[in-house]
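Notes for the one structure printed next.
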DNA sequence: TCGAAGATTCTA
DNA sequence: AGAATCTTCGAA
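Residue numbers (our numbering): 103 to 261.
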């Protein structure tokens, strides 16, 4: 299964009240304090996993939440993991895409820069316009424009 | 130990 | 608009 990342949000540490790392290190958010390029996966609302990529050097919390992807390959497998769902809504949300890609906590903290069960690579050069907005689903730090998505892409989670 | 909140999703 | 659902965290 393969997909193109089309929507992300940035989270930081003590200067970002919306971040899990705002109040310091805990067992859950420990990956955010690790080396950049690793997975930070958490479980929320009793049902959903969310996938982040750590961004800062070791010791400094930071992560990017993957909010939506555009399916490229393995569409049938994704549909099997999320039955009876229209194609456009298969992966257009942080909880949806982890379900469609069978991502759970067993992949927490793995290195996403190297080939493995889950990893990220740079695709062929492509030109698109990146739009930004406030982050979704948070109650603090709502003024920051730290949500980034590909303008006009049909798989972003919201208009 | 307990209670409240949550980087969501689905249904009515 | 509201429920579902359970883990995590911080306070007691």
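Even glycine gets a Cβ: it sits at the ideal position worked out from N, Cα and C.
Pairwise C-alpha distance: residue j and residue i
i           : j           : result
residue 224 : residue 124 : 30 Å
residue 177 : residue 185 : 12 Å
residue 136 : residue 159 : 7 Å
residue 214 : residue 232 : 23 Å
residue 179 : residue 203 : 8 Å
residue 134 : residue 212 : 12 Å
Whole-number beta carbon distance between residue j and residue i, since they are thought to touch under 8 Å
i           : j           : result
residue 155 : residue 143 : At roughly 10 Å, the Cβ-Cβ gap does not stay under 8 Å, so residue 155 and residue 143 are not in contact.
residue 189 : residue 105 : So it is not a contact: roughly 12 Å between Cβ atoms.
residue 237 : residue 120 : 6 Å
residue 164 : residue 114 : 5 Å
Segment limits, alpha helix (DSSP H) that includes residue i
i           : result
residue 119 : Residue 119 -> no alpha helix (DSSP H), and no H or E assigned at all.
residue 156 : Careful: residue 156 lies outside any alpha helix (DSSP H), inside the beta strand (DSSP E) at 150 to 156.
residue 197 : 196 to 202
Counted within 10 angstroms of its Cβ, other Cβ atoms place residue i as buried (16 or more) or exposed
i           : result
residue 174 : exposed
residue 221 : exposed
residue 147 : exposed
residue 259 : buried
residue 149 : exposed
residue 122 : buried
Element boundaries [beta strand (DSSP E), containing residue i]
i           : result
residue 173 : 165 to 175
residue 222 : Careful: residue 222 lies outside any beta strand (DSSP E) and carries neither H nor E.
Residues sharing a beta bridge with residue i, DSSP
i           : result
residue 230 : Per DSSP, none; premise fails for residue 230.
residue 213 : 140
residue 107 : 171
residue 235 : 249
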